[in-house]
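One structure below.
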Amino acid sequence: MFKLIFIKELKEILQSSRFTISFAVCSVLIILAFFMGAKNYLASQSQYEAALQENRNQIAANTEWMMVQHSIMLPPQPLMALVNGVSNDVGRNISMSGRGELSADNTRFNDEPLFAIFRFMDLEFIFGIVLSLFAIIFAYDAINGEKVSGTLKLCFANSIPRASFISGKLAGSFVGLSIALLIPILIGAALLPLLGVQLSADEWLRLALIIFSGLAYFGLFLALAIGISAMTNRPSNAFLIGLVVWIFAVLIVPRASVLISGRLVDVPNVDDITAQKNRYRTQLFDEDRPKMEKFKPANGTDPQDVMTQFSAMMRELSTNRQEKIDAFTERINEEYTNRKNRQEDVALALSRVSPTSIFTLASTELAGTSLELQNRFMSSAEEYQNVYANFMTEKTGSGGHGGFRMIIRTTDDEGEEPETLDPNEMPQFEYAKTSFKTAASNSLLDMGLLVLFNLVFFGGAFTAFLRYDLR
Amino acid sequence: MKNETIKQAPLLEARNLTKVYEDGVKALDNLQLKVHPGEIFAMLGGNGAGKTTTINIFLDFIQPTSGNAFINGIDANTNPLEAKRNVSFVSENVQLYPNFTAMQNLDFFVRLGGKSNYTRADYENALVRVGLQREAFDKKLRDFSKGMRQKCGIAIAILKDAPAILLDEPTSGLDPKAGKEFTKLVGELRDEGKAILMSTHDIFRAKEISDHVGILNNGILVAKKTHAELKGVNLEDLYVEYMAGYMDETLETGSLINNLT
């Protein structure tokens, strides 16, 4: 009996005009998301390569390592283009310095501010907003529509268990619509290599899990809509309730959780912290100023000796200041990070009431575009900072930490030009993205929650239908 | 009217059937009826008399407050799945799946009824028997008139081949020709030995084909006549007489006045 209802449901879905229209719209959107994602990735990749080349050219144009303004860049990843997450909000460039705090700038939205308002149409948007709404549109009258039309009564004039009917209906709807969604998804995925986007095995696995999460997310909205349909007598009421639930789940809860966590955990803003750091830096410099003013060369009047002594004093002062600033910054940053982490934990816990947040967290974690992206980029940059500092020390005698520089160059009588630098000598920056294993285990909780929501809504629909008035 | 079959055990039986809804309305009051193989029992009565409630109890869509409904000797409310194997149902307004063709609908509902060994030819024969044009067999139901849908409904009942049939005002809204064809089919099914319980407003058709006519008034079976007893009796007068009694009763209790105000 289950099989009969299941097949009937599949046929009914596939033959309905509602399906034809929705399938056409979804297919276009999904394929477009893959196409645009691929194009964006390729554009980002060429932009990244151009920036790398520019960096190399800049090194090659110099004759002194001390004069090099070195930058490192966040390399684009194909999955970042498919599930944007925070990748467009994170600064992609870091001006490298041998010591001190690093900061990333030049976000994608700097280049394309319009997208900061309207955002990109990635897979997360398609599943999170469009498909969840389509699930409601598809299933809001799954039960009460049959009651109103009279087919439910005709079905149950036969000896069919309610459990078989609702199970067949849920499974038929889910499989029918999922297969229909998988077709454009597979076409979109096949487009990636054709458009020149080569995914590694690791990235294919991540993409497969993102799609699994998306289908689980779609399935729970479908079960929710069928459940609502089994609790109401009129399709119009079910649609209204479904729409209100959708608005809360998709639009309100994720935003509200951030607002509520902001109220619950107080975190100083970045400007305050920067101002504190600047004040402290100024204070330390003011403390050192008398020492600089009282500088007197110890012996002789040879300008080069004077300069060497002055530089040594300045370096010592600067090192001492920097040590104090680093200690202060570390303390203030730790405090800030702890509070911010607590605020984020509260926000994420609250937001997980909404399946949309859960799906967003799972998919961005798998795509490597979660909140961790910035931390990971900065950690990689900080690791590189040590390598860079050692390299610069080796090349220049100082750690490449910017500040005041004076170069005295002498040329011999033959006027020989100094040699330009070899950019290949500069150590390469490598962004350490999360491994598949780490990403999968980090997203396990959210994927589990999506499955749990499915079971809960399925159970809800099932129970509601067992008590449904069939007349 | 095959009187020799009446002696067999009833296929449909209401025994002291009472239904009081949650709002206190008594829809059925101690209803007793039996329909034997080869019989048609027509339930007449105004709106709210309890006709559809009776059918809903037989189909286990609602539970009786007390009493029992039996289909082929099986309690329809304690063992509904088994009981419903023995009954077909045709509603007042047969609604099938509009995106399916007549054939697809037939196939689904007949399989749902437990018959999975029919061929397309069997489906065609059933549809021809109920008078559906061949051109309509593979058309989607959304293009069908009410009469065509009713024909599909009776074709499903024929193919399910259950010993008992419940008809809930099956000719309501049909044009006279379609109504007559439908009645003829119901007569044929009775002649094949089916026990048919039919609720209807159509006094003349009820008298024409029924073996028993029962008049329901406020959930009470106030009159029950056999086909033989109705010979020479103007059923319309009889019906009006009972309904007038109902009117008097309601006037006495003031409920009609309350309703009017």
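One line per chain: the protein sequences are W and Z, in this order.
In terms of the numbering used here, the first sequence is residues 531 to 1001.
In terms of the numbering used here, the second sequence is residues 3 to 263.
Quick reminder that beta carbons are idealized off the backbone N, C-alpha and C, glycines included.
Need the endpoints of the beta strand (DSSP E) that Z:Ser201 sits in, please. Here residue 201 of chain Z corresponds to residue number 199 of the second sequence, with the count starting at 1. Element bounds for Z:Ser201: Ala197 to Ser201.
Mind listing the chain W neighbours of Z:Arg87? Cutoff is C-beta to C-beta under 7 Å, in chain order. Counted from its first residue, the second sequence places residue 87 of chain Z at position 85. What Z:Arg87 touches in chain W: Ser689.
Could you tell me the distance, in whole angstroms, from the CA atom of Z:Thr255 to the CA atom of Z:Leu30? Here residue 255 of chain Z refers to the residue found at position 253 when the second sequence is read from its first residue. Here residue 30 of chain Z refers to the residue found at position 28 when the second sequence is read from its first residue. The predicted model places Z:Thr255 with a pLDDT of 44, which falls under 50 and marks its position as unreliable; any figure quoted below should be read in that light. For Z:Thr255 and Z:Leu30, the distance between alpha carbons rounds to 19 Å.
To the nearest angstrom, report how far apart W:Ala595 and W:Arg811 are at their CA atoms. Sequence index remark: in the first sequence, residue 595 of chain W carries index 65 (1-based). Sequence index remark: in the first sequence, residue 811 of chain W carries index 281 (1-based). Per the sequence presented here, residue 595 of chain W reads as Trp, with Ala not at that position. So the alpha carbons of these two residues sit roughly 27 Å apart.
Helix, strand or coil, according to DSSP, for Z:Asn219 in the structure here? Sequence index remark: in the second sequence, residue 219 of chain Z carries index 217 (1-based). Strand, per DSSP.
In angstroms, rounded to a whole number, what distance separates the CA positions of Z:Ala157 and Z:Arg131? Within the second sequence, numbered from 1, the residue matching residue 157 of chain Z stands at position 155. Within the second sequence, numbered from 1, the residue matching residue 131 of chain Z stands at position 129. A direct Cα-to-Cα measurement between Z:Ala157 and Z:Arg131 gives close to 8 Å.
Contact set for Z:Cys154: own chain, Cβ-Cβ below 8 Å, skip 5 residues either direction: In the second sequence, residue 154 of chain Z corresponds to position 152, counting from 1. Val96, Leu98, Ala104, Asn107, Leu108, Leu129, Val132, Leu134, Leu143 and Phe146.
Mapping the DSSP letters down to three states, classify Z:Met150 as helix, strand or coil. Looking up residue 150 of chain Z in the second sequence gives position 148. Shown here, Z:Met150 sits in a helix according to DSSP, grouped into three states.
Contact defined as beta carbons within less than 8 Å: I believe W:Phe748 pairs with W:Ala665. What is the distance between those atoms, to the nearest angstrom? If you number the first sequence from 1, residue 748 of chain W lands on position 218. If you number the first sequence from 1, residue 665 of chain W lands on position 135. Contact holds; Cβ gap of about 5 Å.
Limits of the beta strand (DSSP E) - the one that W:Ile862 falls within: Counting from 1 along the first sequence, the entry for residue 862 of chain W is found at position 332. Counting along the chain, W:Ile862 falls outside any beta strand (DSSP E), though it belongs to the alpha helix (DSSP H) covering Pro833 to Ser881.
For W:Leu724, which residues does DSSP report across the bridge? As a working mapping, residue 724 of chain W is identified with position 194 in the first sequence. DSSP output for W:Leu724 lists no bridge partner at all.
For Z:Ala164, which of Z:Gly116, Z:Leu35 and Z:Met200 has the nearest alpha-carbon? Here residue 164 of chain Z corresponds to residue number 162 of the second sequence, with the count starting at 1. For Z:Ala164, the nearest C-alpha among the options comes from Z:Gly116.
Start and end of the beta strand (DSSP E) containing Z:Gln34? Here the question's residue 34 of chain Z lines up with position 32 in the second sequence. Start and end: Lys28 to Val37.
Minimum Cβ-Cβ distance from W:Lys683 to chain Z less than 8 Å: Within the first sequence, numbered from 1, the residue matching residue 683 of chain W stands at position 153. Chain Z contact via Cβ: present.
To the nearest angstrom, report how far apart Z:Ile198 and Z:Glu24 are at their CA atoms. What you label residue 198 of chain Z is simply residue 196 of the second sequence in a count that begins at 1. What you label residue 24 of chain Z is simply residue 22 of the second sequence in a count that begins at 1. Straight-line Cα distance between these residues: approximately 30 Å.
Could you say which of Z:Leu218, Z:Asn219 and Z:Glu210 lies nearest to Z:Gly234 if we only look at CA atoms? For the purposes of this step, residue 234 of chain Z is identified with residue 232 of the second sequence, where counting begins at 1. For the residues Z:Leu218, Z:Asn219 and Z:Glu210, the minimum Cα distance to Z:Gly234 belongs to Z:Glu210.
Are the C-beta atoms of Z:Ser93 and some chain W residue less than 8 Å apart? Numbered from its first residue, the second sequence carries residue 93 of chain Z at position 91. Answer yes: the Cβ-Cβ gap between Z:Ser93 and chain W drops below 8 Å somewhere.
If we call anything under 8 Å between Cβ atoms a contact, is W:Ala991 one with W:Ala746? Walking along the first sequence from the start, residue 991 of chain W turns up at place 461. Walking along the first sequence from the start, residue 746 of chain W turns up at place 216. No; because the gap between Cβ atoms is not below 8 Å, this pair is not in contact.
Do W:Pro608 and W:Leu722 count as a contact pair if the criterion is CB distance below 8 Å? Along the first sequence, one-based indexing puts residue 722 of chain W at 192. Along the first sequence, one-based indexing puts residue 608 of chain W at 78. It is a contact, given that the beta carbons lie within the stated cut-off.
Name the two residues that bound the continuous beta strand (DSSP E) containing Z:Phe68. Residue mapping note: residue 68 of chain Z aligns to position 66 of the second sequence, counting from 1. Residue 68 of chain Z is actually Ser in this sequence, not Phe. For Z:Ser68, the enclosing beta strand (DSSP E) starts and ends at Ser68 to Ile73.
Taking the CB atoms as reference points, tell me whether Z:Thr173 and Z:Asp204 lie closer together than 8 Å. Position 171 of the second sequence, counting from 1, holds the residue named residue 173 of chain Z. Position 202 of the second sequence, counting from 1, holds the residue named residue 204 of chain Z. Contact flag set, yes.
Using the Cα positions of W:Gly772 and Z:Glu171, report the straight-line distance between them to the nearest angstrom. On the first sequence, position 242 is the one that residue 772 of chain W refers to. On the second sequence, position 169 is the one that residue 171 of chain Z refers to. In a straight line, the C-alpha of W:Gly772 is about 36 Å away from that of Z:Glu171.
Taking only beta-carbon positions, decide if Z:Gln135 is within less than 8 Å of chain W. Position 133 of the second sequence, counting from 1, holds the residue named residue 135 of chain Z. Judged by the 8 Å Cβ criterion, Z:Gln135 is not in contact with chain W.
Determine, using beta carbons only, whether Z:Leu13 and Z:Ala159 come nearer to each other than 8 Å. In the second sequence, counting from the first residue as 1, residue 13 of chain Z sits at position 11. In the second sequence, counting from the first residue as 1, residue 159 of chain Z sits at position 157. No, the pair does not count as a contact, with Cβ atoms beyond the cut-off.
Within the continuous beta strand (DSSP E) that includes Z:Arg87, where are the two ends? Position 85 of the second sequence, counted from the start, is the residue given in the question as residue 87 of chain Z. Where Z:Arg87 is concerned, there is no enclosing beta strand (DSSP E), given that its DSSP letter is neither H nor E.
For W:Gly706 and chain Z, any beta-carbon pair shorter than 8 Å? Position 176 of the first sequence holds residue 706 of chain W. Answer no: the Cβ-Cβ gap between W:Gly706 and chain Z never drops below 8 Å.
Got a sec: is the Cβ-Cβ distance from Z:Leu114 to anything in chain W below 8 Å? Residue 114 of chain Z sits at position 112 when you count from the first residue of the second sequence. It does: the Cβ of Z:Leu114 has a partner Cβ on chain W nearer than 8 Å.
Are the Cβ atoms of W:Pro948 and W:Thr593 separated by less than 8 Å? The count along the first sequence starts at 1 and reaches residue 948 of chain W at position 418. The count along the first sequence starts at 1 and reaches residue 593 of chain W at position 63. A contact, by the Cβ cut-off of 8 Å.
Between W:Leu814 and W:Ala805, what straight-line distance do the alpha-carbon atoms span, to the nearest angstrom? Here residue 814 of chain W refers to the residue found at position 284 when the first sequence is read from its first residue. Here residue 805 of chain W refers to the residue found at position 275 when the first sequence is read from its first residue. The alpha-carbon atoms of W:Leu814 and W:Ala805 are separated by roughly 14 Å.
Against chain Z, does W:Glu539 count as a neighbour if the rule is that its beta carbon must be under 8 Å from one of theirs? For the purposes of this step, residue 539 of chain W is taken as the residue at position 9 of the first sequence. Cβ-Cβ to chain Z under 8 Å: no for W:Glu539.
Cβ-based neighbour list, W:Ala591, same chain, cut-off 6 Å, excluding 5 preceding and 5 following: What you label residue 591 of chain W is simply residue 61 of the first sequence in a count that begins at 1. Nothing listed; no residue qualifies.
Could you say which of Z:Val92, Z:Asn119, Z:Asp239 and Z:Asn88 lies nearest to Z:Lys148 if we only look at CA atoms? Locating residue 148 of chain Z in the second sequence gives position 146, where the first residue counts as 1. Here the closest residue by C-alpha is Z:Val92.
Helix, strand or coil: how does DSSP classify Z:Lys162 here? Indexing the second sequence from 1 puts residue 162 of chain Z at position 160. Residue state, collapsed to three classes: helix.
Test item: CB-CB of W:Leu750 and W:Phe987 under 8 Å: Here residue 750 of chain W refers to the residue found at position 220 of the first sequence. Here residue 987 of chain W refers to the residue found at position 457 of the first sequence. Yes; because the gap between Cβ atoms is below 8 Å, this pair is in contact.
Kindly identify the DSSP beta-bridge partner or partners of W:Ile624. The sequence position of residue 624 of chain W within the first sequence is 94, counting from 1. Answer by DSSP bridge pairing, in chain order: W:Ile602 and W:Ala634.
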